[in-house]
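Residue numbers (the working numbering), protein chains in the order written: chain A, 1 to 450; chain B, 1 to 450.
Dropping the structure here:
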């Protein structure tokens, strides 16, 4: 019986395990899970900390019992300590510090990422947290309950920073976001980030841009004093450091598996690493970008699921290939949804592509029907060829912003021109769209302006 | 100066006019409009009659003044009486019965469709209406205001029947729908139509299926008695006959322009008719179906806008081709949205394609986040090849149903397989989707079941 061993019980690992079992009911699948929370939705943590999700167990994409019912063995609270590719073994340590050596025919690494902890003096003081795993989540929840802080400062204005700003505002804390860049949410253009900042401000969140945090000091009253560039000082009762993630690949590197960008594991389109019989997927690997035709580091849950499914399929003899990422992302910030896909002008410039962007303010549905809301669609295309490069949308929650970015994503996947977007037979009814969908109206506007 | 004459001031005609002027500021464009309502949103009429749209003028996609500001001459309340292709002239009659002959270099026919009026005795009695144009709308509105009927019967359970059932319920009338078929909304599968019927029933609309209306008689109390097959009788105070549309092409036919299916004008992919210098677009033409590789009669506003834009472009020397329809449609019925695209099993069978469909009940977003709603997605694919053929979705208003059908539509446009749907980099955030979007979850379920 073939033995498939998987290190990592989050999205990539569990997706791989399930896909392998789905295709080959004879394969023996074991997943080594560092904590007690296999396949938990990391993206859901802010909604648990906000109080919107009642029980932490609700965050599981799939329950452990369901995973086990699919014939998958979960080794919870086991840490993989060493991979020996020559003997095809992995050494694991359990909570009693007992070491066990497991043999594999095929190994999949889904070790994920860890929070980046920047070089800030005092970052280890009590009341300062990073946030990525369930352990972090419970630490934060306990602190919120025990210490009842009235204020929190988020260092970092990315996706998790945005979601946590909303979550902790909702929980009644006074929230400050400190971000080094000129706006928040730097995955969209700066001026669009400014709109997100305005939404935060409108909801009472203080946003400070252009400040690099240098030190955090503990005050006599138990509060924390943050010091940053440009003489920035700020007193707060709690700090979350949410400045991004880096691949967790020390295990892979020590096993001689080639790594690349930011230390992420190098994989080919079949999700094979440079070492025979070892696949890797998810936040620990370099990800192929379909438009840039290059590897990037782009850790996303959607990508982890896709890559995990492919690794799982190929591990049992399949022939799937990862088609590449477009960097499609969406986030809800209070009443707004911000979504993006593909390349923007800055990305295009960096890639040497002559791009042009056009903005269109457009109603989500016929304005005569109640509840119409304007959204901003920024379309980016290649000037010379008219090829669609990317899109960014900011609109209201409920205005089908996120699935409209997906129409762009589907078009990008197929290398469509902006003109050809007009050929798509998209749905229309007055309460939900226009005879030309906003996607197409923004395409026509790009064509007029370019 | 080139003279472009357009007969018909609805979606196709106005789209053609605007596109021609956009590309060629020197072209002289005249649009012959039978009524006083150029470019009104026919699809919006139910929302005017429901009372949700305050002023009828709000229904205009574009205001007459804006159209004229684009350099387009509108001949309102002019009826085109005759087309003479040999002399390139059109004779029009104004409200004073004055005849004028207009010359053209290029003519575009956008004459649209008329309501089908079935062979029912008594169908001309007062209180019985068809509904397609603004004139019909005002007749109905006047009747509702003057006669204050407490009940209405809709003959026909298609899109307009569904929308009017909701609209007139909202207005306080007791509504009955009489439909010949076994369910309503026969553009989706019968069992899905039954779900729509249940939604109508839940909102107090009485739905009668399997009855062909044969006669309507006027009672002594001014009420109308409807008689149908299977000994059906029903007394009502008002009747709307909404059983579909047929192309309005007598003008074209008398000019020797070849017509085909249901009398619709034959066009090629450039929207040229069989007569030189004459294009046609919209509800008066046969429409190319991208999946069936055949012409159909499929009158839709989305299609009219597309075909009009292409006809307008080509009329001033462009080289655009219509890429074909997928039959994408959506409709809101009370709290539900029903959307469809492509081929279903019945269509596939008729086309000799070996199809298989799988149903998936799936949450619109992560169930741990408040407000999650289940939607039903039925995916249809070709068994032998795994090629996507079509999809139907029923879900709640606000659950991004309509733009999810558009992801399927974009995939169909490119001939994707159902397996390849998993490669699409679609957006995810817990309040709006899952790491695998419902579209992909339903694809995976199809693959498992097939």
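Just so it is clear, CB atoms sit at the ideal spot from N, CA and C, and this is done for glycine as well.
Residue 182 of chain A sits close to residue 190 of chain A, with the two beta carbons spaced by under 8 Å. With a beta-carbon spacing of about 5 Å, residue 130 of chain A and residue 241 of chain A fall inside the 8 Å limit used to define contacts. Contiguous alpha helix (DSSP H) elements confined to the region 297-342 of chain A occur at 301-315, taking only those with 4 or more residues. Taking a C-beta distance under 8 Å as the contact criterion, residue 353 of chain B and residue 442 of chain B do not qualify as a contact pair. The continuous alpha helix (DSSP H) containing residue 22 of chain A extends over residues 11-23. Taking a C-beta cut-off of 8 Å against chain A, the contacting residues of the region 53-74 of chain B are 53, 58, 59 and 61, listed in chain order. At a beta-carbon threshold of 8 Å, the residues of chain A lying near residue 44 of chain B are 366, 368, 369 and 430, ordered along the chain. With a threshold of 8 Å between beta carbons, residue 396 of chain A makes no contact with chain B. Annotated three-state conformation of residue 418 of chain B is coil, per DSSP.
The shortest CA-to-CA distance from residue 40 of chain B to any of A:139, A:374, A:107 and A:435 is the one to A:435. According to DSSP, residue pairing for residue 152 of chain A in a beta bridge involves A:175. Only residues of its own chain outside the window of five on either side were considered, and among them 18 and 21 have a CB closer than 7 Å to the CB of residue 70 of chain A, listed in chain order. According to DSSP, residue 125 of chain B shares a beta bridge with no other residue. Taking a Cβ-Cβ threshold of 8 Å, none of the residues of chain A is close to residue 14 of chain B; the smallest such distance is about 11 Å. Residues of chain A whose Cβ lies closer than 9 Å to the Cβ of residue 129 of chain B do not exist, since the nearest Cβ in that chain is about 21 Å away.
Taking 8 Å as the cut-off, the beta carbon of residue 53 of chain B is found no closer than this to the beta carbon of residue 166 of chain B. CA-to-CA, the gap between residue 338 of chain A and residue 391 of chain A works out to about 11 Å. The alpha-carbon of residue 421 of chain A is positioned some 26 Å away from that of residue 278 of chain B.
The C-alpha of residue 170 of chain B lies about 6 Å from the C-alpha of residue 50 of chain B. Between residue 158 of chain A and residue 366 of chain B a beta carbon distance of about 20 Å is seen, past the 8 Å cut, so the two are scored as non-contacting.
For residue 47 of chain B, at least one C-beta of chain A is nearer than 8 Å to its own C-beta. Here residue 146 of chain A is exposed, its C-beta having fewer than 16 other C-beta atoms within 10 Å. Residues of the region 315-326 of chain A with a C-beta atom less than 7 Å from some C-beta of chain B are 323, 325 and 326, listed in chain order. With a beta-carbon spacing of about 6 Å, residue 282 of chain A and residue 308 of chain A fall inside the 8 Å limit used to define contacts.
When the alpha-carbon of residue 269 of chain A is set against those of A:314, A:256, A:238 and A:243, the nearest one is in A:314. Taking 8 Å as the cut-off between beta carbons, the residues of the region 335-363 of chain A near chain B are 337, 339 and 341, in sequence order. Under the three-state reduction of DSSP, residue 162 of chain A is assigned to helix. When the alpha-carbon of residue 98 of chain A is set against those of A:371, A:14 and A:78, the nearest one is in A:78. Check the Cα spacing between residue 373 of chain B and each of B:433, B:388 and B:323: the tightest is with B:433.
Comparing alpha-carbon positions, the option among B:198, B:113 and B:151 lying closest to residue 243 of chain B turns out to be B:113.
Look at residue 79 of chain B here: in three-state DSSP terms it is strand. Taking the Cα positions, residue 291 of chain A is about 13 Å away from residue 298 of chain A.
Residue 440 of chain B has its alpha-carbon roughly 30 Å from the corresponding atom of residue 287 of chain B. The region 4-11 of chain B and the region 412-432 of chain A do not touch, with fewer than three beta-carbon pairs separated by less than 8 Å.
Between residue 211 of chain A and residue 180 of chain A, the gap from beta carbon to beta carbon is short of 8 Å. Scanning B:250, B:62, B:29 and B:201 for the CA closest to the CA of residue 104 of chain B turns up B:29.
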